[in-house]
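Okay, so here's the structure we're looking at.
There are 2 protein chains.
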Amino acid sequence: MTRSVYINGNYCAAEDAKISIFDRGLLFADAIYEVAGVIDGRLLDFKSHMQRLDRSLKEMRIPAPLNHDEILAVMRELVRLNSIKEGLVYMQITRGSDGDREFLPSDGIVPTIFMFTQNKASAERKEYVDGIKMVSAPDIRWARRDIKTVGLMGSLFAKWTAKEAGGGEVLMYQDGYVTEGGFTSFYIVKNGLLITRPLSNDILPGCTRQALLTLVAEFDIELDQRLFTVTEAQQADEAFITGASTYVCPVVNIDDSLLSDGKPGPVTRRLQEIYLEHAMRDAI
Amino acid sequence: MTRSVYINGNYCAAEDAKISIFDRGLLFADAIYEVAGVIDGRLLDFKSHMQRLDRSLKEMRIPAPLNHDEILAVMRELVRLNSIKEGLVYMQITRGSDGDREFLPSDGIVPTIFMFTQNKASAERKEYVDGIKMVSAPDIRWARRDIKTVGLMGSLFAKWTAKEAGGGEVLMYQDGYVTEGGFTSFYIVKNGLLITRPLSNDILPGCTRQALLTLVAEFDIELDQRLFTVTEAQQADEAFITGASTYVCPVVNIDDSLLSDGKPGPVTRRLQEIYLEHAMRDAI
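Okay, here's the thing in structure tokens:
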């Protein structure tokens with residue numbers, strides 16, 4: 013069965029969705045994206061994805077091709093057309109095409125927007141249940157990681173390093189301190205305290221991170237947003253990552269050091285439950 | 013008249029050249045490119061572009077979709093089809109499409125390759141004759157600028173900063189030292205000595221740079237490859253940039269400091285002649 017996707021106002025089969033080779037998304041990585049989780053056929057943390065989208069568009073000076081309601085309608089239609097129960101909707105907005113390649117875009121350039129779905133049973137994955145191994149690597153990305161652009165080769169190079177060392181995700185560091193995962197936010201737990209790096213241009217403002225930190229406050233879990241090293245992470249009681257299609261995923265091994273005896277710890281398990289409960293309750 | 017372009021083995025009209033939205037070049041900026049200058053209907057510094065291409069592909073672990081002879085044949089055919097006298101051929105190679113979006117590519121993924129031409133009378137441009145103004149900005153790009161990837165938003169952000177301050181190109185710096193232009197190599201001249209930053213992961217190994225430095229040695233112009241600051245560049249006797257479609261272009265103003273009284277200096281003029289002579293003689 014072929015997937016239905018959306019591109020510039022039209023729904024079509026995945027294999028028919030094409031864009032010009034002159035699209036600046038392709039020529040300059042002049043594009044941003046969002047990934048919204050789908051649970052029980054509904055969209056997860058949608059409002060916060062739209063807030064981040066607006067911020068990315070503003071920083072990139074790309075006009076919004078659709079408003080939030082229109083995006084919601086398209087995402088819901090794609091979820092319906094493709095019978096997605098659990099998974100995600102990927103949306104990318106590029107600056108568009110000027111029909112040629114010049115460094116600076118024309119004033120009237122019209123953005124390209126496309127979306128597609130993926131089926132993914134995140135909460136049933138082996139990783140979600142047993143935890144993953146992370147491998148550390150230098151963070152070689154550009155200085156504006158707070159913008160969710162498609163310029164992802166820095167993360168991919170790091171992810172390769174991790175994969176070759178048997179890791180499921182990379183733990184990136186810069187100037188001696190952990191930044192985040194290759195495509196996920198990262199957290200440690202020490203003596204009951206939840207620790208994560210504060211937001212800045214150095215990391216992506218994760219939507220799942222934002223939802224989780226709100227929940228953490230509601231559930232009176234103590235939070236410390238500060239810098240920490242890879243060694244400190246290795247010596248933590250627990251660690252985990254979050255992402256739109258990852259939810260809260262335990263980390264049980266960092267650079268071959270076991271955390272909590274190689275099994276997901278109690279705070280991580282509790283946060284998995286709390287987040288999934290929020291997801292089931294608040295998805296729209 | 014429509015342009016003829018090349019994509020994956022076929023020649024077609026520019027407006028018909030399209031790629032899948034699942035191409036990793038579009039989703040992850042998982043792609044590299046080359047720009048070869050065309051002068052007198054022939055290709056400039058082709059061999060050195062192919063050497064850099066091979067290096068980029070190797071660093072990115074993308075298999076070569078065409079060999080050098082095949083690329084040369086396509087480039088020549090595009091130059092012929094589009095009657096390019098002076099201009100450029102742009103070539104991009106992406107890792108290809110897996111028909112979906114996963115962080116790590118499948119083993120058998122087939123690269124996408126496309127090429128198109130542009131008409132550009134570089135040696136007649138006002139900038140080439142009168143020189144340009146550069147404006148400095150921090151270099152916010154990733155740490156592997158030696159690979160010619162399409163992840164170009166760092167350069168574009170910097171170029172915007174320069175444009176808003178009335179500059180024609182940005183002069184990027186990092187840790188207090190000049191790296192290079194937004195899309196060009198950068199040089200200064202002081203007391204007859206030609207100074208440019210040595211190659212490393214911090215800058216692109218420019219093909220025009222390589223050709224020029226070979227010529228400089230032949231013509232007994234003294235060369236010093238070392239780090240220097242923006243202030244040192246402002247206080248230089250002369251400055252210029254090079255690029256595949258820029259040739260040797262004079263810089264007469266850096267952050268509103270005039271160089272050589274705001275006119276292209278004698279060493280720059282001589283290097284413009286030397287490079288154009290090489291171009292006319294050695295283009296294939």
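Chains A and B, in that order, give the protein sequences. Under the numbering used here, the residues of the first sequence are numbered 13 to 296, in order. Under the numbering used here, the residues of the second sequence are numbered 13 to 296, in order. Here a beta-carbon is modelled for each residue, glycine too, at the ideal position from N, C-alpha and C. The model shown is predicted, which means the values in this text are computed figures rather than measured ones.
Alpha-carbon to alpha-carbon, residue j and residue i
i	j	result
M146(B)	P262(B)	10 Å
S95(B)	T14(B)	12 Å
N131(A)	P77(A)	26 Å
Y45(A)	V162(A)	7 Å
P276(B)	Y140(B)	9 Å
Q104(B)	F128(B)	9 Å
L100(B)	S257(B)	6 Å
R67(A)	Q284(B)	44 Å
V108(B)	I215(A)	One detail in the question is off: residue 108(B) reads as Gly in this sequence, not Val. Looking at the two C-alpha atoms, the distance is approximately 28 Å.
S118(B)	K30(A)	21 Å
R211(A)	E114(A)	It is worth fixing the name first, because residue 211(A) is Leu in this sequence and not Arg. Distance between the alpha carbons of L211(A) and E114(A) is about 34 Å.
R64(B)	A174(A)	27 Å
Y23(A)	L93(A)	10 Å
N213(B)	A155(B)	7 Å
A133(B)	S60(B)	22 Å
L183(B)	D28(A)	42 Å
V50(B)	A295(B)	8 Å
Residues that residue i contacts on chain B, provided the C-beta gap is smaller than 8 Å
i	result
G99(A)	Under the 8 Å cutoff, chain B gives no residues; its nearest Cβ is about 12 Å from G99(A).
Chain A contact for residue i (CB, 7 Å cutoff)
i	result
M165(B)	yes
M152(B)	Residue identity check: residue 152(B) is Ile in the sequence provided, not Met. Taking Cβ atoms only, chain A reaches closer than 7 Å to I152(B), which makes this a yes.
A174(B)	no
F252(B)	no
Neighbour list for residue i in chain B, Cβ cutoff strictly below 9 Å
i	result
T161(A)	A41, G163, M165
L78(A)	Those do not exist, as L78(A) stays about 16 Å from chain B at its closest Cβ, beyond 9 Å.
Test: residue i CB closer than 7 Å to a CB of chain B
i	result
R113(A)	yes
S32(A)	yes
R67(A)	no
A133(A)	no
L38(A)	yes
F198(A)	no
Y185(A)	no
A29(A)	yes
F231(A)	no
F126(A)	yes
Buried or exposed by the 16-neighbour rule on C-beta atoms within 10 Å, applied to residue i
i	result
I74(B)	buried
K70(A)	exposed
A85(A)	exposed
N265(B)	buried
T124(A)	buried
G274(A)	exposed
R238(B)	exposed
A248(A)	buried
D35(B)	buried
L56(B)	buried
D42(B)	buried
R157(A)	buried
G122(B)	The displayed chain sequence assigns Val, not Gly, to residue 122(B). Exposed.
D268(A)	exposed
L270(B)	exposed
R293(A)	exposed
G204(B)	exposed
R209(B)	buried
Same chain, Cβ closer than 6 Å to residue i, five either side skipped, listed in chain order
i	result
T280(A)	E250, F252, P262
G111(A)	F34
Listed by chain order, chain A residues near residue i by CB distance under 7 Å
i	result
A155(B)	I152
L211(B)	Going along chain A, no residue has its Cβ under 7 Å from L211(B), so there is no contact; the nearest lies around 18 Å.
Interface residues of chain A facing residue i [CB-CB closer than 8 Å]
i	result
I19(B)	I33
Q130(B)	D112, R113
Partner residues on chain B for residue i, Cβ-Cβ distance less than 7 Å
i	result
K171(A)	F115, L116
A177(A)	Under the 7 Å cutoff, chain B gives no residues; its nearest Cβ is about 14 Å from A177(A).
Y102(A)	R113
F240(A)	The contacting residues do not exist; F240(A) stays about 22 Å from chain B at best.
F195(A)	F115
L55(A)	Simply none; closest approach about 18 Å.
Close Cβ partners of residue i (< 7 Å) along its chain, the five nearest in sequence each way excluded
i	result
V228(B)	L206, L235
L288(A)	A135, Y259
F231(B)	I286
Chain-ordered neighbours of residue i on chain A, where CB pairs are closer than 9 Å
i	result
G26(B)	Per the sequence shown, residue 26(B) should be read as Ala rather than Gly. By Cβ distance, chain A contributes S32, I33, F34, G111, D112.
L205(B)	Chain A residues near L205(B): none, gap ~31 Å exceeds 9 Å.
L271(B)	Those within 9 Å of L271(B) in chain A number zero; the least Cβ separation is about 23 Å.
L288(B)	What L288(B) touches in chain A: nothing, since even the nearest Cβ is about 23 Å away.
Close Cβ partners of residue i (< 8 Å) along its chain, the five nearest in sequence each way excluded
i	result
G178(B)	K145, V147
G166(A)	D151, I152, R153, W154
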